[in-house]
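Report on the following structure.
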Amino acid sequence: MWGGGREEWKHFEALVNYLAGTAMDSQRMLIDSFGRVVTDLRISVTSRCNFSCIYCHNEGLGHPPLLDDQEDGEMGPDEIGRYVRLARELGIGSVKLTGGEPLVRRDLEEIVDRCVQHVSDVSLTTNGSALAGRADALRLAGLKRVNVSLDSLDPHAFKDIRRGSLQPVLAGVRAALEAGLKPVKLNLVVMKKTMQYIPAMIDYVGGTKGLKLQLIQFMPELVHHEEWSTDMDELKEWLEKRADSVITREMHHRRIYHLNGAEVEVVDPVRNPEFCANCHRIRLTHDARLKGCLNRNGNLVSLRGLDDYGIRNAFRRVTAERVPYYGVFVRDSEGETILGRRPSSGMGERYLRP
Ligand code: SAM
Ligand code: SF4
Numbered sequence: 437m438w439g440g441g442r443e444e445w446k447h448f449e450a451l452v453n454y455l456a457g458t459a460m461d462s463q464r465m466l467i468d469s470f471g472r473v474v475t476d477l478r479i480s481v482t483s484r485c486n487f488s489c490i491y492c493h494n495e496g497l498g499h500p501p502l503l504d505d506q507e508d509g510e511m512g513p514d515e516i517g518r519y520v521r522l523a524r525e526l527g528i529g530s531v532k533l534t535g536g537e538p539l540v541r542r543d544l545e546e547i548v549d550r551c552v553q554h555v556s557d558v559s560l561t562t563n564g565s566a567l568a569g570r571a572d573a574l575r576l577a578g579l580k581r582v583n584v585s586l587d588s589l590d591p592h593a594f595k596d597i598r599r600g601s602l603q604p605v606l607a608g609v610r611a612a613l614e615a616g617l618k619p620v621k622l623n624l625v626v627m628k629k630t631m632q633y634i635p636a637m638i639d640y641v642g643g644t645k646g647l648k649l650q651l652i653q654f655m656p657e658l659v660h661h662e663e664w665s666t667d668m669d670e671l672k673e674w675l676e677k678r679a680d681s682v683i684t685r686e687m688h689h690r691r692i693y694h695l696n697g698a699e700v701e702v703v704d705p706v707r708n709p710e711f712c713a714n715c716h717r718i719r720l721t722h723d724a725r726l727k728g729c730l731n732r733n734g735n736l737v738s739l740r741g742l743d744d745y746g747i748r749n750a751f752r753r754v755t756a757e758r759v760p761y762y763g764v765f766v767r768d769s770e771g772e773t774i775l776g777r778r779p780s781s782g783m784g785e786r787y788l789r790p
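Per our numbering: the sequence shown = residues 437 to 790.
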């Protein structure tokens, strides 16, 4: 219902812009050669972070040093707004701001403001440590919802995993709920060390209105610790046995389980062809380079110095080059089709539609 507030007005404006552009023919949309439509833009606003989580992939770009106030080529709010405007023209309907830690940026509210002028569904993924003091301002700027990373409710375990303090993060979660940033999704990275904290997290989420839980499979290839991985199928069976209902989302074909009053979504990309076949996401790095897949760092395309025409073309080019990381059909040099082999840039290989 219309509440007449500034944020509702912003969403209304973005909706009008959206409807003005909905006569979108398939030529204007971003569709890769595997038939995957790109609708979602994930923007890393910084590579800096105040935590040092043991598993961190920092959006696939490795561990950078923490850079105090130095900006290190980061995009400004107007620059980000411009890319979002052009992405919107090409069918992007949701934007997620991430990092590094987005809240290290003092101008994050401005960034949100520029984004929601073009796309109403703008969300944030944060470690939550500085969220308590900024949740209201972010909501006012037009932020819709937030993901807060929380691997355990035990302060010692939390510190052991994330190298930061739990209490400010819990205060951030409460502030986000009070500010109306709903849902607040809690991200728990599933690995041997964190499995034991899942039941308590389900109870916490089930007992708090507005919270949801995301169980994210640990991605070992990014930090080279395969031995930390755990069996996601076993976890899914465990959830299924206890669930009142299970549904499948279109994005990545993620499963959502309802149990003990909690909504629990499983994000399990590793060696999962179904996940990659249903991926609609493209990424923009903190220094304005487009990236077609979290797991690939080759062929990143810089948007800097391009005019609007060049930026649209860059989106199209990066989309055209997207290849599912897992489960792609690859034809080898003898012409044999092999399922599930990870593509490389090796000569003689070519990618086929699954
Ligand atoms: N700093 C913010 C945070 O921690 O939420 C945003 C950036 S962080 C890279 C985004 C998400 O990726 C977090 O939920 C984090 O827990 C998750 N993540 C980081 N490294 C991971 C890994 N190796 N496997 C799975 N998830 C990971
Ligand atoms: Fe990485 Fe986020 Fe942890 Fe920072 S808080 S180290 S960006 S996962």
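Glycine included, each C-beta is placed from N, C-alpha and C at the ideal position. Nothing here was measured: the structure is a model prediction, and the numbers come from that model.
{"Asked": "F487 CB to nearest heavy atom of ligand 2 below 8 Å", "Found": "yes"}
{"Asked": "Three-state secondary structure assigned by DSSP to T684", "Found": "strand"}
{"Asked": "Complete alpha helix (DSSP H) runs within the stretch 595-666 (minimum length 4 residues, chain order)", "Found": "602-615 and 634-642"}
{"Asked": "9 Å Cβ cutoff met for V552 and L533", "Found": "no"}
{"Asked": "Top-ranked residue by Cα proximity to P831, from C492, D549, S530 and S480", "Found": "Nothing can be reported for residue 831: it is not among the residues displayed for the chain, which extend from 437 to 790."}
{"Asked": "At least 3 beta-carbon pairs within less than 8 Å: the stretch 657-665 vs the stretch 676-690", "Found": "no"}
{"Asked": "Residue burial classification, G517 (beta-carbon count within 10 angstroms, cutoff 16)", "Found": "buried"}
{"Asked": "Cβ pair count under 8 Å reaching 3, the stretch 726-734 against the stretch 666-677", "Found": "no"}
{"Asked": "Selection from S488, G536 and D669 that minimises the alpha carbon distance to R478", "Found": "G536"}
{"Asked": "Proximity winner among V555, S585, V620 and L586, relative to R520 (alpha-carbon distances)", "Found": "Reading off the sequence, residue 520 comes out as Val, not Arg. Of the listed residues, the one whose Cα sits closest to V520 is V555."}
{"Asked": "Pick from Q653, E546 and R719 that is closest to A573, judged by C-alpha positions", "Found": "E546"}
{"Asked": "Pick from H722, G509, Y640 and V584 that is closest to A698, judged by C-alpha positions", "Found": "Y640"}
{"Asked": "beta-carbon N422 near ligand 1 non-hydrogen atom, thresh 8 Å", "Found": "For the chain, the structure presents residues 437 to 790; residue 422 sits outside this window and is missing."}
{"Asked": "Stretch pair the stretch 629-645 + the stretch 703-716: three plus CB contacts closer than 8 Å", "Found": "no"}
{"Asked": "Same chain, Cβ closer than 8 Å to D504, neighbours up to 5 away in sequence not counted", "Found": "Caution is warranted here: a pLDDT of 47 is assigned to D504, below 50, making its placement in the model unreliable, and the coordinate value is therefore given only provisionally. Closer than 8 Å at the Cβ level, and outside the excluded window around D504, lies no residue."}
{"Asked": "Per-residue burial, Y745 [other beta carbons within 10 Å of its own, 16 or more giving buried]", "Found": "exposed"}
{"Asked": "T773, buried or exposed, once every other Cβ within 10 Å from all chains shown has been counted against 16", "Found": "Its pLDDT being 48, under 50, T773 is placed unreliably by the model, and the measurement read from it follows with that caveat. So T773 ends up on the exposed side."}
{"Asked": "Span separating the alpha-carbon of V609 from that of L647", "Found": "9 Å"}
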